Every structure is written in C-alpha cells, then in structure tokens.
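Below is one structure, written out as structure tokens; the observations come after it.
Numbering (UniProt numbering), first residue to last: 1 to 1139.
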C-alpha cells in the first residue's frame, strides 16, 4: 500500500534548454524561472567558454565532441567531422576529414543524424547535466529548412533518452525578437500594426536574406513574428577563408591534413583581426614546400578583394526578389547577423545593393539564442516575460486538403482558384487551424437509428443477519444500565483471560478469535453482483466512412483520414465513467440518467438531420433553420508534421437562436448546438525525401552510448596504467633505499617474503605493460576494453597489496618521529591544565585542601585557564577581581540554597490575605463614620506601612528566586567543568598508556599507527578547548552580574537572621539563669510582648530548654510565646516580617 501511495506522487521534472547549433560553433542556454529581463543563462563548456566548435571526432572507439574534438583535429584532422549541420540528410562520412580512414569504417551508412545525436548527447551530459529530468529543447534553425531535415533533427535529438524537441525557431525570427524585446516598451500599442525587417545573416557556409514581419496586436501582449520570404546563397565565411588560402598559399599541400588545418586556423584568425585592423602579420607553420614557415602580411585590401570575388554582383542579384518585395513595406528595418558580417567591406556591399543603411545592433553571437529563449518561455511554466512572442515560418509548405464531399462554398473556392485542393495550414511548428464549413446536401435515409440492448453489471450491498448477534443484542438491552461496556463476553463467553490453565499459544488463539468476531461484526453488509439489461438508441450511417479527407503538402507528405459515426461502445462508456467496469448501486441512478441522455441526444440528432435533409435545395445554406457543419481541428508537432486533433459533426439550431434574438432583450451569444465527435482513422505517409528507416536513429544512439561507455573505460584504463607506472617506480625506489632482510623476523622494515612479493609484483606489472603496448586498439562493440581494464585492475591491486603494508609502515615511522615532540608538548600541557583546574575549582568552592597554596598560585592557574580571546570585558581583565567574584558567587549560591524561599513566600501570601481582610474592615468602619469625622480623621497608617513592607519583601523574594535559577546554571557549568576534568584525567591515562606502547614498539615495525596518535591528540585538544570555553562562560560578566545582584538582599537577610539569633540566645541565657523578671522585660522591650516572670518560670520548668542556633531559633521563640499564657497585644508585628 505504501508503495502504491508513493507511485501516486512520483514527479517528473522538466528542464528547458535552448540550443543554437551553427555550422561553425554552437551554444547552449537554460531558461531562468521567475526572472525578469534576460530569460536565459548561457552554459559554459569545460573550457569556461560560451561558444563551442561544432566538431565531432571519432577514433574508431569513441566520439569526441566540441572542445574535446579540437585536440584530435590538430593531431589527426582526418577523423574529425565539420560543417555537418549544413545538411543533416547527407551520409555522415561526406563531412569527414578523411572518409577512407580505417577508424571511420564503422560509420559507413550512418547519416549525419548519428553525429548530431553524439553532439546532443554530449551537451546533455556535460553542459546541461540534469540526470533523470525530462529536457525540452528549443532549437534555432536556418530559415527555409525542409520538413525532412526538421524531422531528421527531431529524431536525432529524441533518440537521446529524456530529451524532447519542444519547438524550432527560425534564426531571422529569433534575432528579430531580440531586436524588438528592448524596444517594445516605447512603441505605440493602441492599434494593431505590422513592423517590417530585413535580416542579412552571413554564417559559416551560407548567406541568408529574409523578410520578417512582426504584428503587434492592439492592447495585447501578443507579438506574432513571421518569416515571409528567404533567399539563400552558398557563400559564407568558410568560402572566404578558402579563397584567401588559394590566393596567398597556392603551394599549400592540401593532402597533408594537419598542415592544412593549421594554415586554415591561422588564416581564420587573421581574417577576424582585419575587422578591426588594416593589416596583420601571420606565420603559417611549415606551409612552404621545403617545410619552412611562411610569413605573410595580410591587409584589409586583400580581404576586400576576396569578398568582391565571393560576393560578386551577379551572385548578389539572387537577392533581387527580396529587394523588389519591399515595395509595399514602408519603414523597413535592415540589420546584420552572423559572424561573417563583421567584415566591413561585406557590410558595404549589402548596403550598396539595398541602397540603405543597415544596422549592426543585434549581437552577432547571442542574438538568436536570446530570442529563441523568449519563444520557449511561452510554452513553459514559471517563466516571467513581458510579451508573448509567437514564431511562424511562412516559407514552409502549405498543407492542403480535399474532403470527399464538397460544400457549395468549397466548390466555388476550388473553381475560382483553379486548384485541386483547398489551403488549410502552414506547416510551421506547433500551429493550430480549425476548419468549420457547412456540410453538403444530405439524404434523409443516410442516418438511421440503431437500437442496442445494453447489459451491465452493478454491485449490490445487503445487511448481514447474524442470529447470535441479534440474541446478544436482545439480552444486552435488558442489562444496559447495569453493564454497558461489556463487549468481550458477547463475542466469546468462554474467554477468561484470568484462567491459569491457558498457556501462551492458547491465549493467543483466544485473542485472535475475539479479533475475528470484532471484524465480522464491523462488516455489516454482504456484496452481490447483479446483471440488468437496458435498451438504448444510437445513430449509424448507411455509408462508411461517412466523411473522408485527403491532406497533402506538395510531394512531402500525405495525410488521409476516414471519419465515421462512432458505434455505441459500452466498453468505452464504462471506462470513461466507471473505470473498474462495475457500477456501484449508489451510482446506478446516475448511470441510467447517462444512458437516457444518450437516447435524447440520438433522437435530437435524428430529428435535426431529417429536418435538414427535407429542406428544399433552393433555400441557401446560410438561410436554413438547421445548419450542419463539419468541424476539423488540425495541428502540427515540433517537427511541423500535421495531425488531426478533432473531427466531428455540429448541428446548429438557428431557428431557436433567431427566435431568441427577436423576443429577448439580452439574447445568448452562442447558437444552440449538438456536437457529435467522429471516430477517426488517419494515416500519415511521408515522401521519399524523408529518411525512411527510423531504426537508424536508435542504432545511432546505441553506437553513441556504446562509444561513450568505451571512452569512459578507456579513460579509466589510461588512469590505471599511469598509476601502475607510478607504483612500479616507487616500489623500485623503496627496494633500493630499504634493502629487504634475509629473514622474516627482527626489527626490519621489509622482511624477506615481503621483498620477494614486491619484486614479483614489479615483474608482473612490467610484463603486463609490455603486453598492453603491443595490443591493437579496440573498436566499438568489442569487449576488449573491458577485458584489458579487468587485467589492469588486477595488476594494480596485486602491486598495491605487495607495497602498501611496507609504505604504511614507513609512513608511520616518519610520522611518529614528527609527532613525538607534539605528544610530549600535549602531555606537559595536559598535566599543567589538570593542576590548574584542581586549584581553580578548589578556590571557588573554598576547599583547596592545601593551606600552603597561596592566592597568587591560584590566580596564576586561573589566568592560564582563561583563553586569550575570551569574552571577558575590559573592566574585568583583572583576573584577581574576577576570581574574587567567582568565589563570592559560589558563597552566594551556597547561602541561597539554605533558604526555604517557597515557605517564606507562602507565609507572605497568608499575611497578604489577612491584610486584605483588615483593609476591607477598615474601609467599612470608615464609611460608618460621619463626614466630619472622616474629614478630620488621619486613618490607619499602620496598615499602609505593613502593605508597603509586604510588597518590598515579595520583591526581594522574587529577586532571590531568579537568583536560584541563575545559580542552577552556574552550578551546571561547574559540573560540566568537573566532567571535562574527569575526561582530561582519562586522556592523561590514555596518553600515558600510549607513551608506554610507543616505548615498547620496534623502531622499524611499529604497532602504534600515526592515526591512533593523531586521534588521541585531537581528542585531548577537543576536551581542552571545551573545558576552556566552559571556564570562560562561567567567568562571563553576564553570569556574575546576575548572581551579584542578589548579594545585598542576602546580606540583609543574613543580618536579620543574626539579629534574631542573638535575641533568642539572650532569652535562653536569662531563662537558664532563672532571671525570669529580666526575661519578661526583654520580651516587652524587644518584641513589645507582655508576659510575667511567673509565666516564664512555669514555661521554663515545664520544657527542656536547648540553646537555639541559626536553624532552630525561630522555633524556640514561637514555642516560648505559645507557652506564655498572657495575651499578645493587637499591634504585635509578625515574627517573619521582623526577621
């Protein structure tokens, strides 16, 4: 059950990525949730760069992508694939530096999609790096990219697990969105308007000029950006660099791929430099025929001449349709994009051709990926963008359709256009189009009712009749008042838990029986299944399919759909409304109402269709009371391939609508209608230009993932072989420095057997390395890498097992020598701290036990215990004064613990209650006096004084109670210090034991490890730091201030106690000396109490007198007063108040 519960809450996280894949470089970004402004974070590659070369290398075993392919391009450029993104429909080897290289033989027959899969897989693993998350990819593409190419790209991307192609954005659209994003806030949005742009994008292989329209809807955040027309030429930065090499390095040996690649990179750097400088000096390594370096001064004039040759006037005339198409577009904005447009002369050529100035305001590297991110944010959740940018490519083919039955309007449209099919939808990504057309003429016999007998099963629950339970209920009603809770005897009368004869097993069985009976009583219903039949009505057609549509996009694809009225399928109804397939009895009425609704809908449809069919053909469709329409909703996916989302029949009651329009002042805006969804069967057939074998993508990813696994194993193998060489070197050095002993005993670092094992392991490792160097390289789908990896791991394990014990021993020998001084220092400091702690604790408790210890010695110990960075304030840095305060705090807390504060407080509460009673009596007495008497009366000041004294006493007790809590914390800190003192004593014993073990150890074969010594020293340091922290906390000014605040109160209490004790002792001595008259006078003088000498004499003779002390003097006085028969005067103060 728990497992099922967890499954319900399994979440799949979606991560949005944006890719700008160019022929020369690519970059990757991620959308920022909740961000305002820049919606994208650009991800860096392993070299901390945003731009990564679009390279894929393959060495026969593994793929290397991007920055990891650059070293291979410098070493063996024949194994590198470049510019493969210019046409993904070509075979992969057509873009290889050397297609005949033996290492590339396994890629024969693979399309470029395999290289793209390798590239995408690398991006997902190294840059995006979100394992386990679904990644939605938004991709920038060149304008006019064909549907087969887009489909190929999507299949290559989605071959990688957890990757989906969300949408594609044409580069001119993306850059236009970037251009608009920072300017829309200042534009007039009160009316719908269309802005026109011309984008000149000169990249690695081609130059594209596109017309882009951006429609800004009035008072809306929607901005629709469309590519209206695109013209491309095969001329770009790559061709310019090639022509520069042909002109200035005519003798360059192009068969030497390494030399050619170095020269190409040098010329590319020089070309980029000339965008800001008039000349640059270049050195081409080994470019001369004799192998010497070629030195060249490349000027901007040289570059301009090549640009004139590449972009010659007749080639630029290719863009004439763009120039002529701008006639109706006023205020068109021109701007450059693409790395090749950095060349100033190229900018001049295009400005002259279009006879206008062209802006350079869009970032030529990040303009496309930024705009694509704004489009992607529209489809995701949690992204904050100011405007909703909608991308569309009007250069894509149009999806046309032809229904099997044409309406009159459709016939007229076909005749007027002279076409065989009707336009429906432009095949751009994620488009939607709804076709809503009046249907053709109908024959009233075409729709016929269908009667169906519906058999269904429902679940019925009936109560259980339990005779035994009924009997017990009857019996229990008679004794409800006497025994309402006796449940177990009703369930099992024989159960007696007090029977001594029952063993554990029998008792367990009895308890199980009781539980079963309780469960049976809890289940009061019995479930049964019943089957019923119900007649229902539905519609069917005489012709099948009822409606057929053929959709086509030139010779690219064909989509045919057959639509028919769905049969009354009970299984579908049950799955929709009752997933379990069984109707509960409580749901039976709703189910029968559902069937009844089906019947009513069928009757309404039949009547409407018959009325429509009987309408004379002379009445136009738009004037009929009943309109019947075919609804067809078509959309495109991320690769622009079409699919039918919905098809149905809609019967509209215009008669009811028109009647409501005439009779109602506020009619409904919607025409009453009944919708009937068709059952559809569609078949999409792709043209021959699509890659026909879909399994090639799965095979391509399998090849990529296998090569990634082999690359990882090979890297691991390289690491282990390097480690083997390192361990062999250190093992040989170990044997040279520390020669093994000739026997296996004594104080020697290496015994004889250990030396033999090390030599054998070294020999085995050397043999393995020599064997490995002679083996041929592994290829994909072979297990030789795994086999070699296992052998390498076994070799390194053998070598380490032979040397590790000796190396660890040597490490401990060196380490223990270094730790010797540290151990002695810790031992010395620990002994000193233990002595200091003993003196400190003894001083603050005044129990040093050694009277010869001077105050200066204690003070020095206390000073050493306080840390140098302790939180002692500047006014308390006098350690002597601080130690005195600690001692006083101990005395205060000790004295405070001897006072029964709760008892004293209780007596004051009693006195407070008595004072309230006296106060009420005084008020009553005052009210009974005449107004003149009250005017001249002074009142009872004694009562007020007693109340004031009581409040002061209660405040003192409140402060003392707070002092008790502070003292508890104070004593707890002292207890923790004592605990750490005990821990340090244990550490002292451990350190002593460790020293003894080290003294007994052999020099070259120690049994005590450095780790053990370090752990012991670290533990001691930890205990010492904590002890110091506790001493510092005990000495803090805050603690001392709280406890010192009650010192004055305690001193006053102590003085009162001493005074009471002295009076009690005086009375005792007077009574003991039989001076009874003097004792009576003393009572009258000190306590204002009247007693005679005879009364005191009788009391003294009747009671055994004991000399009072600090604890008993109050009882002595109380007992004396109670024993004296003379009455106590009314104004006698309370004894506790006196004290």
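The C-beta atom is built at its ideal place from N, Cα and C for all residues, glycine as well. These numbers come from a predicted model, not from an experiment.
Residues of its chain near residue i, where Cβ-Cβ distance is below 8 Å and the 5 sequence neighbours each way are ignored
i: residue 995; result: 823 and 827
i: residue 721; result: 769, 772 and 792
i: residue 448; result: 539, 540, 541 and 542
Beta-bridge pairing of residue i - partner residues as DSSP gives them
i: residue 196; result: 213
i: residue 140; result: 20 and 169
i: residue 538; result: 450
i: residue 553; result: 557
i: residue 335; result: 199 and 359
i: residue 1017; result: In DSSP, residue 1017 forms no bridge with anything.
i: residue 400; result: 423 and 552
i: residue 643; result: 635
i: residue 673; result: 652
i: residue 299; result: 279
Backbone secondary structure at residue i - three-state DSSP
i: residue 916; result: helix
i: residue 49; result: coil
i: residue 1004; result: coil
i: residue 682; result: strand
i: residue 705; result: helix
i: residue 659; result: helix
i: residue 627; result: strand
i: residue 1082; result: helix
i: residue 393; result: strand
i: residue 738; result: coil
i: residue 857; result: helix
i: residue 95; result: helix
i: residue 110; result: coil
i: residue 531; result: strand
i: residue 117; result: helix
i: residue 29; result: strand
i: residue 894; result: helix
Cβ-Cβ separation, residue j to residue i (assumed contact under 8 Å), whole Å
i: residue 631; j: residue 612; result: Contact flag wrong, Cβ pair sits at about 16 Å.
i: residue 559; j: residue 684; result: 5 Å
i: residue 806; j: residue 754; result: 6 Å
i: residue 591; j: residue 565; result: Going by Cβ atoms, the distance from residue 591 to residue 565 rounds to 23 Å, so no, they are not a contact pair.
i: residue 259; j: residue 286; result: 6 Å
Sequence-distant residues of the same chain with beta carbon closer than 6 Å to residue i, five excluded per side
i: residue 649; result: 676
i: residue 1116; result: 1064 and 1108
i: residue 123; result: 28
i: residue 484; result: Unreliable placement is indicated for residue 484, whose pLDDT of 39 sits below 50; the coordinate value is still reported in the next sentence. Around residue 484: no qualifying Cβ.
i: residue 167; result: 138, 429, 430 and 638
i: residue 486; result: Residue confidence is low: residue 486 scores 37 on pLDDT, short of 50, so the model does not pin down where it sits. Its coordinate-derived value is still stated next. The answer is none, since no qualifying residue turns up.
i: residue 1121; result: none
i: residue 435; result: 632
i: residue 17; result: 30, 128, 135 and 137
i: residue 1123; result: 1099
Close beta carbons around residue i, own chain, < 7 Å, minus the five adjacent residues each side
i: residue 239; result: 310
i: residue 765; result: 724, 728, 795 and 799
i: residue 752; result: 740, 741, 742, 743 and 744
i: residue 93; result: 99, 104, 107 and 108
i: residue 985; result: 834
i: residue 422; result: 400, 401, 402, 410, 413 and 414
i: residue 1072; result: 1105
i: residue 690; result: 148 and 151
Pairing CB atoms from the region 391–399 with CB atoms from the region 425–435, are three or more of them under 8 Å? yes
Does the contact criterion of 3 or more C-beta pairs under 8 Å hold for the region 172–182 versus the region 50–57? no
Below 8 Å, can you find three or more Cβ-Cβ pairs linking the region 242–252 to the region 144–156? no
At a cut of 8 Å, does the region 359–377 reach the region 184–191 through at least three beta carbon pairs? no
Okay, do the region 323–340 and the region 202–212 touch, 3+ Cβ pairs below 8 Å being the bar? yes
So, does the region 81–93 touch the region 17–28, judging by three or more C-beta pairs under 8 Å? yes
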